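Following our numbering, the numbering of the sequence shown begins with 1468 at its first residue and continues without gaps.
The C-beta atom is built at its ideal place from N, Cα and C for all residues, glycine as well.
Note that the structure is predicted; figures quoted are calculated from it, not measured.
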Amino acid sequence: MSTRHNVTAVSASALALALTAALSMAATPAVAGEKMDKCFGVALKAKNDCAGGGGTTCAGSSTKDYQADAWKYVPVGTCEKTASPTSPTGFGQLKPFPEKKA
């Protein structure tokens, strides 16, 4: 085996390890022990954190901005202060909600 093949194999392994670490960090809701809430109605299209409602299966699968049954992790206490044009109150909600008509 030549040196070039060894370097390529090591680089591929390092890349795989780095990718695995990045994906596991992205799936972690809390940063340095910070408590988080699931906030409905604040995620942008394809930017939700996990399963929402109709047609969504997991992270990144919401079909429109501010989808009422798709959520994003936010620091505790900030959800109901975050703007959501689809929410009856105009702010994110801690539970799915019926969207207000535009």
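Margin query: If I follow the unbroken beta strand (DSSP E) through Cys1506, where does it start and stop?
Written below: Residues Met1503 to Phe1507.
Item checked: Rounded C-alpha distance that separates Val1541 from Lys1568 -> Roughly 25 Å between the two C-alpha positions.
Check: Which one of Gly1500, Asn1515 and Thr1556 has the shortest CA to CA distance from Lys1531?
Finding: Residue nearest to Lys1531 within the set Gly1500, Asn1515 and Thr1556 is Asn1515 (criterion: CA-CA distance).
Next item on the list: Going by CA-CA distance only, name the one from Thr1556, Glu1501, Lys1502 and Gly1500 that's closest to Ala1535.
Entry: Of Thr1556, Glu1501, Lys1502 and Gly1500, the residue nearest in Cα terms is Thr1556.
Checklist line | Where Gly1559 sits in the DSSP three-state scheme | finding: In this structure, Gly1559 counts as coil in the three-state DSSP scheme.
Item checked: Residues sharing a beta bridge with Val1541, DSSP -> For Val1541, the pairing in a beta bridge is given by DSSP as Asp1504.
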